[in-house]
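In what follows, a single structure is set out as structure tokens and then discussed.
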Amino acid sequence: MAARSGVGRAALLVSALTALSTVLGLVRDAVIAAVYGAGAQLDAWFVALGLSSILLGVLGTSLNRAVTPQVAREADGEGPGMPCAGHPGWWTASVVGTVSIGVVGVLLGLAAGPVSVVLAPGLAASDDGTLVLLVRVVLLATVLIAATDLLAGLAHGHGIFRWAALQGVPFNVAMISAAGLLGPRLGIVALAWGFVVGSLLRLALQLWPAVRLRWRLAARLDLRGPAWREISAMVPALMVGQAVVNVNTLVDRAVASTVEEGAVTAIFLGWRLVNLPQVLVVAALMAPLYPAMGAASGDPRALRRLVHRGTAVTLTVLTPVVVVLAVVPERVVSLAFGRGGFDDAAVAATATALVWLLPALLAVGWRQVVVSASYAVGDTRGPVAISILAMVVNVVGDLRWPPCWACPGSSCPRRSPCCSPPSSRAGCWPVATACSPPRSRADSCPGRRWEPWPRGRSAP
Numbered sequence: 015m016a017a018r019s020g021v022g023r024a025a026l027l028v029s030a031l032t033a034l035s036t037v038l039g040l041v042r043d044a045v046i047a048a049v050y051g052a053g054a055q056l057d058a059w060f061v062a063l064g065l066s067s068i069l070l071g072v073l074g075t076s077l078n079r080a081v082t083p084q085v086a087r088e089a090d091g092e093g094p095g096m097p098c099a100g101h102p103g104w105w106t107a108s109v110v111g112t113v114s115i116g117v118v119g120v121l122l123g124l125a126a127g128p129v130s131v132v133l134a135p136g137l138a139a140s141d142d143g144t145l146v147l148l149v150r151v152v153l154l155a156t157v158l159i160a161a162t163d164l165l166a167g168l169a170h171g172h173g174i175f176r177w178a179a180l181q182g183v184p185f186n187v188a189m190i191s192a193a194g195l196l197g198p199r200l201g202i203v204a205l206a207w208g209f210v211v212g213s214l215l216r217l218a219l220q221l222w223p224a225v226r227l228r229w230r231l232a233a234r235l236d237l238r239g240p241a242w243r244e245i246s247a248m249v250p251a252l253m254v255g256q257a258v259v260n261v262n263t264l265v266d267r268a269v270a271s272t273v274e275e276g277a278v279t280a281i282f283l284g285w286r287l288v289n290l291p292q293v294l295v296v297a298a299l300m301a302p303l304y305p306a307m308g309a310a311s312g313d314p315r316a317l318r319r320l321v322h323r324g325t326a327v328t329l330t331v332l333t334p335v336v337v338v339l340a341v342v343p344e345r346v347v348s349l350a351f352g353r354g355g356f357d358d359a360a361v362a363a364t365a366t367a368l369v370w371l372l373p374a375l376l377a378v379g380w381r382q383v384v385v386s387a388s389y390a391v392g393d394t395r396g397p398v399a400i401s402i403l404a405m406v407v408n409v410v411g412d413l414r415w416p417p418c419w420a421c422p423g424s425s426c427p428r429r430s431p432c433c434s435p436p437s438s439r440a441g442c443w444p445v446a447t448a449c450s451p452p453r454s455r456a457d458s459c460p461g462r463r464w465e466p467w468p469r470g471r472s473a474p
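The sequence shown runs 15 to 474 under this note's numbering.
Encoded structure:
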């Protein structure tokens with residue numbers, strides 16, 4: 015009964031531990047922004063990081079979401095105090111996942127040059143090899159992260175959440191050390207190697223409960239077993255859902271890279287601040303709630319009760335957060351990142367991205383709970399349909415909005431102050447500009463009203 019008992023207590027524990035990791039994550043981002051500023055180097059780093067996230071999302075996250083409910087049901091049937099009997103589906107998923115991600119990572123690393131052109135055409139045109147190097151080094155860590163996430167899913171299935179919630183602590187300490195100590199000497203490459211070391215530390219932390227509690231870990235490949243057949247039946251739809259979601263990130267950063275230096279950074283850091291309450295509330299809540307949903311998949315009333323509790327907590331906590339961030343966006347951005355090389359222009363651009371991204375927060379929180387319930391009962395059609403709709407809205411906004419804001423009768427030139435990279439999350443709201451507004455009336459588009467600045471700030 016491990017997965018279904020004490021969801022509230024587990025959520026509070028995960029929230030507290032996640033808060034510690036998240037605070038260190040903010041310190042990490044602040045140190046990185048102060049050391050490198052908003053420019054081409056940091057844009058290249060976030061683009062390389064995005065490729066790793068896409069690979070892990072499509073393969074790693076899909077497998078993990080398919081495995082966790084099964085592990086929870088198996089652990090739920092073991093009873094308290096009984097030793098772990100092993101999880102054949104998890105064993106096979108671990109082998110398939112790590113090997114697949116490793117092979118794809120090697121292939122992407124070999125083709126890093128052409129891949130970088132697709133990821134960020136604006137940066138690749140003037141790249142001196144930094145973007146290609148960052149892509150290759152970051153891809154080294156994808157296998158480590160995939161194994162870490164699968165181990166965390168195994169722990170969640172057994173009702174153990176603290177180690178997964180703490181994994182961000184050693185990772186962020188490694189990244190902060192790399193940026194602060196090695197960044198001034200090695201440049202942006204220091205972040206990539208810090209990422210690899212931090213990923214190794216995360217994996218070591220997730221191995222500890224498995225060793226201490228003597229869970230049966232085995233590298234077995236049973237592709238014909240009933241456990242793997244159940245998992246593999248869910249994986250294709252999950253991969254489609256994750257793929258279309260990650261297309262949003264790919265298009266966002268590709269379009270932003272053609273605008274001006276720092277645009278990718280502004281969108282990334284703006285979304286980081288918007289996503290912060292989602293991590294503290296929704297992600298912390300879903301850690302115990304998702305395996306509980308999997309264990310309750312055969313009891314519709316219990317599952318419905320869990321969904322209602324999850325959505326109520328999510329919307330109640332996130333609504334006031336959205337209001338506060340909408341009222342004082344620049345103060346929040348300045349407090350988080352406004353120091354060192356992250357100047358006033360970078361603060362203003364990031365604050366603008368923050369304002370446009372805010373409405374997505376409530377929708378993402380609600381969607382996370384509802385989609386997780388669908389996965390728990392084996393329904394993949396609904397989540398895939400939502401993901402496809404989100405992708406269409408996002409891509410159309412990315413590709414069509416900048417020309418609409420350009421001067422009438424003209425195309426949208428690269429680095430034009432009239433052009434801005436739209437974006438969205440969960441198909442909820444288009445994100446307008448992450449670049450600077452026109453500096454004077456003569457620079458602006460005639461006949462257009464330009465109001466990209468956050469509330470309370472006038473154009474310089």
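Here a beta-carbon is modelled for each residue, glycine too, at the ideal position from N, C-alpha and C.
All values derive from a computational prediction rather than experimental measurement.
Check                                                                                                                                                                               : Outcome
Based on Cα-Cα distance, which residue from 34, 30, 33, 44 lies nearest to residue 353?                                                                                             : 44
For residue 285, is the classification buried or exposed, using 16 other Cβ atoms within 10 angstroms of its Cβ as the cut-off for buried?                                          : buried
In the structure shown, what three-state DSSP assignment does residue 174 receive?                                                                                                  : coil
How would you label residue 287, buried or exposed, when you count the other beta carbons within 10 angstroms and need 16 or more for buried?                                       : buried
Using 10 angstroms around the beta-carbon of residue 433, count the other beta-carbons present and answer buried if the total reaches 16, otherwise exposed.                        : Confidence in residue 433 is poor, its pLDDT being 38 and thus under 50, which makes the residue's placement too unreliable to answer from.
Can you find the residues in the same chain that come closer than 7 Å, C-beta to C-beta, to residue 33, ignoring five residues on each side of it along the sequence?               : 294
Does the pairing of the segment 367-386 with the segment 318-334 give three or more beta-carbon distances under 8 Å?                                                                : yes
Leaving aside the five residues before and after residue 189 along the sequence, list all residues of the same chain whose C-beta is less than 6 Å from its C-beta, in chain order. : 42, 208, 212
Within 10 angstroms of its Cβ, does residue 127 collect 16 or more other Cβ (buried), or is it exposed?                                                                             : exposed
Quick one: what does DSSP say residue 356 is sitting in, helix, strand or coil?                                                                                                     : coil
Work out the CA separation of residue 249 and residue 239 for me, nearest whole Å.                                                                                                  : 15 Å
Please say whether residue 235 and residue 366 have beta carbons closer to each other than 7 Å?                                                                                     : no
Helix, strand or coil: which one does DSSP assign to residue 227?                                                                                                                   : coil
Identify whether residue 310 lies in helix, strand or coil by the three-state DSSP scheme.                                                                                          : coil
Give the straight-line distance between the Cα atoms of residue 158 and residue 78, rounded to the nearest whole angstrom.                                                          : 14 Å
According to DSSP, is residue 234 helix, strand or coil?                                                                                                                            : coil
When you compare the CB positions of residue 289 and residue 408, do they come within less than 7 Å of one another, or not?                                                         : no
Near residue 85, which residues of its chain fall below 7 Å by C-beta distance, leaving aside the five closest residues on each side in sequence?                                   : 101, 104, 167, 168, 171
Go through its chain and collect everything with a Cβ distance to residue 291's Cβ below 8 Å, but skip five positions before and after it.                                          : 331, 332, 335, 375
Decide if residue 130 is buried, meaning its Cβ has at least 16 other Cβ atoms within 10 Å, or exposed.                                                                             : buried
With DSSP as the reference, label residue 181 as helix, strand or coil.                                                                                                             : coil
Could you give the uninterrupted runs of the alpha helix (DSSP H) lying entirely in the segment 35-99, keeping only those of 4 residues or more?                                    : 54-69, 76-90
Closest to residue 214 by CA distance: which of 225, 162, 246, 228 is it?                                                                                                           : 162
Straight-line CA distance for residue 56 to residue 87?                                                                                                                             : 44 Å
Can you give me the start and stop residues for the alpha helix (DSSP H) that residue 111 sits inside?                                                                              : 102-124
Contact between the segment 312-327 and the segment 382-398 is defined here as three or more beta-carbon pairs at a separation below 8 Å; is this criterion met?                    : yes
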